[in-house]
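Protein chains in written order, with my numbering: chain F, 2 to 387; chain S, 384 to 606.
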């Protein structure tokens with residue numbers, strides 16, 4: 002990465018342990034995702050200069066903002082950042098217009114109001130300039146906060162769970178608006194969220210944080226499909242995580258063969274793991290296909306029994322026992338109509354196929370934390386199954 | 384009606400407010416937002432005048448400000464006069480016994496200004512002065528008004544500490560509260576009644592004004 006953009010390296014043991022390294026290029030949106038208490042908001046506050054850290058460096062466009070070793074620690078004002086807080090932090094006694102104008106104190110008086118009105122129009126709030134924050138809806142308040150953050154022409158835009166306090170319908174509208182707005186910005190944008198879907202939808206890259214450490218950074222879909230460790234896999238909500246052994250690496254066709262519950266599975270070629278070694282493998286639910294009798298010749302076909310059948314809106318969530326009902330099942334979803342057409346119900350025998358490209362291998366690891374697993378939310382997941 | 388005593392009381396109350404207003408803002412903010420070792424001890428010490436009998440507080444102030452004390456001697460070496468039984472001494476005592484009345488309402492008010500709002504002010508690039516002037520004080524205003532009125536009214540009414548530290552010197556340390564006591568002792572019931580009624584009206588107006596302002600500001604902020 003060139004000198005432009007934001008570079009962050011933070012380390013401390015207490016009060017909140019941190020070991021974080023991040024980079025965010027101009028025009029890029031980096032999402033920091035992790036469960037509550039993973040330190041993502043602390044990282045954002047440290048970038049802004051609102052929280053002190055024991056050791057670290059923050060640099061933006063080649064300018065050091067924080068260099069603990071050299072005694073450099075610029076104030077938030079000197080760093081010139083735009084910050085959208087979770088509850089927006091609007092000044093409750095000032096109108097929407099005055100809120101934005103406060104961010105323009107460096108600008109001449111006459112110019113200040115014109116610029117503030119322009120910004121409010123840009124976030125579709127024209128006509129509401131004279132309203133106090135309490136007279137605005139959650140979505141409108143968030144827009145005022147965004148306009149105020151952009152008013153300073155900041156070096157970086159920092160968003161701390163900006164969609165957490167609005168209802169679902171508003172949130173989806175705001176996603177589109179933010180995506181549009183972002184195209185016009187030429188600065189790094191850092192978004193903190195615990196919602197994986199939000200990161201997948203909006204961010205160019207994402208960093209998975211857990212207990213103050215960056216575990217993996219990459220393109221969101223890649224991090225989700227190819228987590229580097231079991232811990233990341235579980236944090237990004239992969240439910241199908243199992244242990245297996247590597248049988249062979251083939252070059253023609255390029256594939257790695259693994260043995261899992263006495264089945265040979267073909268996976269994408271991943272030579273990092275030697276033949277004969279123990280690994281953990283994962284596959285996302287969307288990459289598993291329910292086979293009809295005519296398709297039973299596909300690759301990686303596995304016979305199983307439906308253990309659980311739960312209707313979730315227009316989909317059916319299935320848990321399928323492979324190699325015995327007492328072993329952790331494979332989870333998958335199918336469209337509800339398909340499940341009905343096939344007469345799927347609890348206890349019936351089915352055949353599933355796993356897409357070879359989607360089978361992802363990771364180092365063997367059974368140390369993963371236990372805890373409740375919530376789908377698509379950043380939560381520590383359950384243990385790895387054999 | 385002892386007009387001198389009334390004027391002296393009003394002057395004492397005015398000066399006390401003038402000194403305690405900036406001090407209360409500074410200490411109120413620190414106590415509201417900072418965490419530090421010994422904070423509970425500081426808070427307890429500042430609240431002590433609320434529970435300490437005025438004569439006890441007066442006695443300690445008399446000792447602390449007297450010409451035998453380092454403070455009294457320092458004052459004497461600078462001004463050539465003594466601190467106790469003068470208006471200056473009365474003012475120092477008044478500041479001390481009004482500390483909780485000035486600081487506590489302001490502390491509560493500053494506690495009500497959320498951290499996000501303060502952080503947002505910093506991120507908007509506001510200087511400390513502008514943040515105080517444009518954001519913190521307007522939001523903490525009801526508490527600041529309460530502090531001013533409570534301090535003012537309480538100074539007008541304080542008796543025990545005033546008598547202990549200031550004595551009863553007409554035109555110098557005789558406040559209206561002391562004058563009322565004096566009138567009663569001299570069986571001048573009419574004089575005592577007029578002055579008591581005056582004090583009652585002044586205090587009633589002050590308290591009424593606080594509630595009125597507080598509720599108006601509160602309403603405006605929640606509209």
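Yeah, the Cβ is synthetic: ideal placement off N, Cα and C, and Gly gets one too.
| Local Cβ density within 10 Å of residue 382/F, reported as buried at 16 or more and exposed below that | Mapped onto the first chain, residue 382/F falls at position 381. In this predicted model, residue 382/F has a pLDDT of only 42, less than 50, meaning its place in the structure is not dependable enough to derive any value.
| said: Going by beta-carbon coordinates alone, are residue 608/S and residue 528/S separated by less than 8 Å? | reply: Chain S is shown only over 384 to 606; residue 608/S falls outside these bounds and no answer can be derived.
| message | In chain order, what are the residue ranges of uninterrupted alpha helix (DSSP H) at least 4 long that sit wholly in the segment 17–93 of chain F? | response | 41–49 and 77–80
| message | Below 8 Å on C-beta distance, what does residue 525/S contact in chain F? | response | Position 142 of the second chain holds residue 525/S. Result: empty, since nearest Cβ-Cβ is about 12 Å, beyond 8 Å.
| task | For the alpha helix (DSSP H) holding residue 208/F, just list the boundary residues, first then last. | result | Counted from its first residue, the first chain places residue 208/F at position 207. First-last for residue 208/F: 206–211, but that is the beta strand (DSSP E), not the alpha helix (DSSP H).
| said: On the DSSP letters alone, give me the boundaries of the beta strand (DSSP E) that residue 362/F sits inside. | reply: The residue labelled residue 362/F in the question sits at position 361 within the first chain. Its beta strand (DSSP E) spans residues 361–364.
| said: Determine, for residue 371/F, whether the minimum Cβ-Cβ distance to residues of chain S falls below 8 Å. | reply: Start at 1 with the first residue of the first chain, and residue 371/F comes out as number 370. Since pLDDT at residue 371/F reaches only 33, below the 50 mark, its modelled position is unreliable, and no value is offered.
| message | Tell me which residues share the same chain as residue 274/F and place their Cβ nearer than 6 Å to its Cβ, disregarding the 5 neighbours each side in the sequence. | response | For this step, residue 274/F is matched to residue 273 along the first chain. These residues qualify, in order along the chain: 247, 280 and 362.
| message | Count Cβ pairs between the segment 122–135 of chain F and the segment 553–568 of chain S that sit closer than 8 Å; are there 3 or more? | response | no
| task | Determine which residues share a DSSP beta bridge with residue 8/F and list them. | result | Numbered from 1 along the first chain, position 7 holds the residue referred to as residue 8/F. DSSP lists 24/F and 60/F as partners of residue 8/F.
| query | What in chain S is Cβ-close to residue 195/F, meaning under 8 Å? | reply | As a first step, residue 195/F is located in the first chain; it is residue number 194 there, counting from the start. Here the premise fails: no neighbours, minimum Cβ distance about 18 Å.
| message | For residue 49/F, tell me which candidate among 157/F, 176/F, 268/F and 101/F has the shortest Cα-Cα distance. | response | On the first chain, residue 49/F is found 48 positions in, with the first residue counted as 1. Of 157/F, 176/F, 268/F and 101/F, the residue nearest in Cα terms is 157/F.
| message | If distances are taken between C-alpha atoms only, which option among 47/F, 320/F, 308/F and 6/F comes closest to residue 27/F? | response | Within the first chain, the letter at position 26 stands for residue 27/F. Of the listed residues, the one whose Cα sits closest to residue 27/F is 6/F.
| field | Positions along the segment 154–183 of chain F whose CB lies within less than 7 Å of some CB in chain S | value | none
| task | Could you pull out every unbroken beta strand (DSSP E) segment of at least 3 residues lying fully inside the segment 258–337 of chain F, listed in chain order? | result | 264–268, 279–284, 289–292, 302–313, 316–322 and 331–336
| query | How is the alpha helix (DSSP H) around residue 227/F delimited, first residue to last? | reply | In the first chain, the residue the question calls residue 227/F occupies position 226. Careful: residue 227/F lies outside any alpha helix (DSSP H) and carries neither H nor E.
| request: Mind listing the chain S neighbours of residue 77/F? Cutoff is C-beta to C-beta under 7 Å, in chain order. | output: Start at 1 with the first residue of the first chain, and residue 77/F comes out as number 76. 505 and 506, listed in chain order.
| query | Cβ atoms of residue 228/F and residue 220/F: under 8 Å apart, would you say? | reply | Position 219 of the first chain, counted from the first residue, corresponds to residue 220/F. Position 227 of the first chain, counted from the first residue, corresponds to residue 228/F. No. Outside cutoff.
| field | Cβ neighbour criterion (16 or more within 10 Å) applied to residue 547/S | value | Your numbering for residue 547/S matches position 164 in the second chain. The residue is buried, with at least 16 neighbouring Cβ atoms inside 10 Å.
| 8 Å Cβ shell around residue 446/S - same chain, five flanking residues per side excluded | As a first step, residue 446/S must be located in the second chain, where it is residue number 63. Excluding residues within five positions, the ones whose Cβ falls inside 8 Å are 452.
| Length of the line joining the Cα atoms of residue 25/F and residue 200/F | Along the first chain, read from residue 1 onward, the residue named residue 25/F stands at position 24. Along the first chain, read from residue 1 onward, the residue named residue 200/F stands at position 199. Near 15 Å, if we compare the C-alpha coordinates of residue 200/F and residue 25/F.
| message | Is it buried or exposed, residue 142/F, if we count other Cβ atoms within 10 angstroms and call 16 or more buried? | response | Counted from its first residue, the first chain places residue 142/F at position 141. Counting Cβ neighbours within 10 Å, residue 142/F comes out buried, since at least 16 surround it.
| said: Please report the distance separating the alpha-carbon of residue 526/S from that of residue 84/F. | reply: Position 143 of the second chain, counted from the first residue, corresponds to residue 526/S. Position 83 of the first chain, counted from the first residue, corresponds to residue 84/F. Spanning the two alpha carbons is a distance of roughly 29 Å.
| query | Which term fits residue 477/S, buried or exposed, when burial requires 16 or more other beta carbons within 10 angstroms of its beta carbon? | reply | What you label residue 477/S is simply residue 94 of the second chain in a count that begins at 1. The residue is buried, with at least 16 neighbouring Cβ atoms inside 10 Å.
| CB contact check: residue 104/F to chain S, cutoff 8 Å | The residue labelled residue 104/F in the question sits at position 103 within the first chain. Yes, because at least one Cβ of chain S sits closer than 8 Å to the Cβ of residue 104/F.
| Looking at chain S, which residues of the segment 9–37 of chain F have a Cβ within less than 7 Å of any of its Cβ atoms? | none
| said: Could you check if residue 507/S belongs to the surroundings of the ligand NAP, using beta carbon to heavy atom distance under 7 Å? | reply: Only the bare structure without any ligand can be found here, which leaves the ligand NAP out of the picture.
| request: Note down the Cα distance separating residue 486/S from residue 46/F, rounded to an integer number of angstroms. | output: What you label residue 486/S is simply residue 103 of the second chain in a count that begins at 1. What you label residue 46/F is simply residue 45 of the first chain in a count that begins at 1. So the alpha carbons of these two residues sit roughly 30 Å apart.
| field | chain F contact residues for residue 500/S, given Cβ-Cβ distances below 7 Å | value | Counted from its first residue, the second chain places residue 500/S at position 117. Per Cβ cutoff of 7 Å: 90 and 92.
| field | Whole runs of the alpha helix (DSSP H) within the segment 453–500 of chain S, excluding any shorter than 4 residues | value | 453–462 and 470–494
| query | By DSSP, does residue 131/F sit in helix, in strand, or in coil? | reply | As a working mapping, residue 131/F is identified with position 130 in the first chain. Three-state result, residue 131/F: coil.
| said: Taking CB distances under 8 Å as the criterion, tell me whether residue 517/S reaches chain F. | reply: Residue 517/S sits at position 134 when you count from the first residue of the second chain. At least one chain F Cβ lies under 8 Å of residue 517/S.
| task | Might you give, ordered along the chain, the residues of its own chain that have their beta carbon closer than 8 Å to the beta carbon of residue 474/S, omitting 5 neighbours on each side? | result | Within the second chain, residue 474/S is the residue found at index 91, counting from 1. Closer than 8 Å at the Cβ level, and outside the excluded window around residue 474/S, lie 395, 398, 399 and 402.
| request: Just mark residue 338/F as buried or exposed, buried being the case when its beta carbon has 16 or more other beta carbons within 10 Å. | output: Numbered from 1 along the first chain, position 337 holds the residue referred to as residue 338/F. Classification of residue 338/F: exposed, given that the 10 Å Cβ count is below 16.
| query | Looking at residue 104/F and residue 153/F, is the spacing between their C-beta atoms short of 8 Å? | reply | Numbered from its first residue, the first chain carries residue 153/F at position 152. Numbered from its first residue, the first chain carries residue 104/F at position 103. It is a contact, given that the beta carbons lie within the stated cut-off.
| query | Comparing the C-beta of residue 445/S with each C-beta of chain F, is any distance below 8 Å? | reply | In the second chain, counting from the first residue as 1, residue 445/S sits at position 62. Chain F, which has no Cβ nearer than 8 Å to the Cβ of residue 445/S, makes this no.
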